[in-house]
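Asker:
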Amino acid sequence: MIVIKFGGTSVMDAERMRRAIDIVAARREQSPVVVVSALAGVTNELVEATRLSAGGDFEAAQERVDAIRERHESIGHELIGQKSDFLESFQAQLRKHTGQISDILRAIALVEDTSLRARDKIIAIGEKLSSVLFSYAMRTRTLVSVHVDSENVIVTDERFGEATPLMEPTREAAAKILIPEIERSRIPVMGGFFGRSREGGTTTLGRGGSDLSAAIVGAAIGAEEIQIWTDVDGMMTSDPRLIPEAKVIELISYVEAAELAWFGAKVLHPKTIAPAVERGIAIRVLNSHNPASRGTLITEKGTERRGPRAIALKRGITVVHVTSNQMLGAHGFLARIFEVFARNEVAVDLVTTSEISVSVTIDRTERLEPIREELAAFSRVEIERDRAIIAMVGRDVISDRSIGARAIEALDQVPISMLSIGSSGLNLSIVVPEQDAERAIREIHRRVFEAAMEVA
Ligand code: ADP
Ligand code: ASP
Ligand code: MG
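So the sequence shown is numbered by the working numbering: it starts at 292 and just counts up by one.
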């Protein structure tokens, strides 16, 4: 069994969807389960429609929904038009789901308020629509597919907007629902990004979460491989949109890939690796626009290579510097500081300390004010906004003694707010102003990766 996940750009129009189906068809002997994202741009449109409704403008929100319906309708005509009975039942489902969005949006507009719960219900519909469409399109190609509602398989906690999967009940549901279909040689097609909480609400897994859905499904059925099909040739030495010279990495370990994803390599959702690690399942990142390319294989071992493998950029970072003389020789001070972040449920990415100060980075700022107040009760607090983390990642990343120097040299004239080397030796992270970050990452990439371009 394998899991094949297609991102939004891999299913964005009829031509792309046709090619994605070719990819599934070529792998039908491997008993695939297909997980699809919403068509590129649809989730953003649904988020925008929700925002418009919450502001009271239902008409404008409904225009977005109409456009989404028309887009799916037109792809449906192209891919399943020749089978009128399929087309009719597809259209009925399309009307049902878009009608449901309109109902919720109307309610939101009336009360001019939206809960995360209502928002999740709306934005999950992007994946509901794409998966229904994909499933019908497969059937017209005589591939025996069955649409499976991810709400019946992926069980999560109640944290709307950023739900955590509960693996045990998910495994049970997969055994009941997915495995029998696969045993009957049918190909389940599921929407990524959403599931259902134990109490019964539709939940989403965080933006970009379809990768995570694929990993959850892979772990739940004990797949041999989880394939993430996207729009680039694999995990690369950096984001090719920023650095056209970036090269594909053929083989990388779970921990390196997780670190890269965590520090901004959007090609994989940061939580994707964990479910795969648990069952030792290989992840392969592949290009649906270039299926012949070998992609990147992510495994427990990766390669023996030491030194930097890739460099990532994470924007929208806030640095909190906490200083206090009370820290001198005192114990329990760090615990007090971290308790404040923990109480506010804000994850800290990087930490550096000196004798009297602690600096941390966070990427969520909704709770920044209460955090500042609580810290200010016992220390001086300074906040730097609009920062970015540049993270150079690889096993024993600075094993070559010139690497640190080359990275720092590349930052000539760029002010550095923080610098940290993870104790695992997996990453060298540097915090700089966001406005300097692109220039800085290009320069580091040039000096560290393009000088000796042997990455595989
Ligand atoms: P999908 O819609 O298929 O999930 P995403 O847009 O989420 O695709 O992720 C793919 C994008 O990730 C690429 O187009 C690329 O710009 C970006 N990216 C960032 N860092 C990397 C990296 N190190 N390697 C490859 N792609 C990267
Ligand atoms: N459609 C969702 C998003 O845009 C999930 C995904 O594509 O992975 O965030
Ligand atoms: Mg993605």
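Glycine is no exception: its CB is placed at the ideal position from the N, C-alpha and C atoms.
Since we're looking at a predicted model, the values are computed, not measured.
(1) Return the chain-ordered list of same chain residues with a C-beta closer than 8 Å to the C-beta of Ser-615, the five sequence neighbours on each side being excluded.
(2) Do the region 316 to 325 and the region 377 to 385 make contact, defined as three or more Cβ pairs closer than 8 Å?
(3) For Asn-443, does the three-state DSSP call read helix, strand or coil?
(4) How big is the Cα-Cα spacing for Ala-781 and Ser-375?
(5) Based on the DSSP secondary-structure assignment, which residues constitute the bridge partners of Lys-296?
(6) My guess is that Met-481 and Val-523 are in contact by the Cβ rule of under 8 Å, so how many angstroms apart are they, rounded?
(7) Starting from the C-beta of Gly-525, find all residues in its chain whose C-beta is less than 6 Å away, skip the five residues before and the five after it, and write them out in chain order.
(8) Pull the bridge partners of Val-705 from the DSSP assignment, please.
(9) Between the beta-carbon of Glu-729 and the beta-carbon of Glu-536, is there less than 8 Å?
(10) Is there a Cβ of chain B sitting closer than 8 Å to that of Gly-347, yes or no?
(11) Is the region 441 to 451 close to the region 342 to 356, with three or more CB pairs under 8 Å?
(12) Take Arg-697 and list the residues in its own chain whose beta-carbon comes closer than 6 Å to its own, dropping the five residues that flank it on each side.
(13) How far does the beta strand (DSSP E) with Asn-581 in it extend, from its first residue to its last?
(14) Please classify Thr-494 as buried or exposed, where buried requires at least 16 other C-beta atoms within 10 Å of its C-beta.
(15) Can you check which of these residues, Ile-395, Ala-567 and Glu-630, is closest to Val-294 by C-alpha distance?
(16) Would you say Arg-597 and Ser-690 are within 8 Å of each other, going by their C-beta atoms?
(17) Pick helix, strand or coil for Met-303, following the three-state DSSP scheme.
(18) In terms of alpha-carbon separation, which member of Arg-360, Ala-428 and Ile-392 lies closest to Arg-310?
(19) Are the region 554 to 571 and the region 327 to 342 touching, with three or more C-beta to C-beta distances below 8 Å?
(20) Here's the rule: buried if 16 or more other CB atoms are within 10 angstroms of the residue's CB, otherwise exposed. What is Pro-561?
Answerer: According to the data block:
(1) As a first step, residue 615 must be located in the sequence shown, where it is residue number 324. The beta carbon of Ser-615 lies closer than 8 Å to those of Phe-624, Ile-647, Ser-648, Phe-669, Ser-670 and Arg-671 in the same chain, with the five residues before and after it left out.
(2) Flag = no, the region 316 to 325 and the region 377 to 385 do not touch.
(3) Position 152 of the sequence shown, counted from the first residue, corresponds to residue 443. Correct three-state label for Asn-443: helix.
(4) Lying outside 292 to 747, the shown extent of the chain, residue 781 is not represented and no answer is given.
(5) Your numbering for residue 296 matches position 5 in the sequence shown. Looking at the DSSP assignment, Lys-296 forms a beta bridge with Val-326 and Ile-519.
(6) As a first step, residue 481 must be located in the sequence shown, where it is residue number 190. As a first step, residue 523 must be located in the sequence shown, where it is residue number 232. Not quite, the Cβ-Cβ distance comes to about 24 Å (not below 8 Å), so this is no contact.
(7) The residue you call residue 525 lines up with position 234 of the sequence shown. Cβ neighbours of Gly-525 within its own chain (closer than 6 Å, five residues either side excluded): Val-539, Val-576, Gly-586 and Thr-587.
(8) Counting from one through the sequence shown, the residue named residue 705 turns up at place 414. None, per the DSSP bridge assignment.
(9) Locating residue 729 in the sequence shown gives position 438, where the first residue counts as 1. Locating residue 536 in the sequence shown gives position 245, where the first residue counts as 1. Not a contact, by the Cβ cut-off of 8 Å.
(10) No chain B is present in this structure, which holds just one protein chain.
(11) The region 441 to 451 vs the region 342 to 356: no contact.
(12) As a first step, residue 697 must be located in the sequence shown, where it is residue number 406. Contacts found: Arg-738 and Val-739.
(13) Taking the sequence shown and counting its residues from 1, the one referred to as residue 581 is at position 290. Run containing Asn-581: none; DSSP gives neither H nor E here.
(14) As a position in the sequence shown, residue 494 is number 203, starting the count at 1. Classification for Thr-494: buried.
(15) As a working note, residue 294 is residue 3 in the sequence shown. That would be Ala-567, whose Cα lies nearest to the Cα of Val-294.
(16) For the purposes of this step, residue 597 is taken as residue 306 along the sequence shown, with counting starting at 1. For the purposes of this step, residue 690 is taken as residue 399 along the sequence shown, with counting starting at 1. Arg-597 places its beta carbon less than 8 Å from that of Ser-690.
(17) The residue given as residue 303 occupies position 12 in the sequence shown. In the three-state scheme derived from DSSP, where H, G and I count as helix and E and B as strand, Met-303 is classed as coil.
(18) Within the sequence shown, residue 310 is the residue found at index 19, counting from 1. A check of alpha carbon separations from Arg-310 across Arg-360, Ala-428 and Ile-392 identifies Ala-428 as the nearest.
(19) No contact exists between the region 554 to 571 and the region 327 to 342.
(20) Here residue 561 corresponds to residue number 270 of the sequence shown, with the count starting at 1. With 16 or more other Cβ atoms within 10 Å, it is buried.
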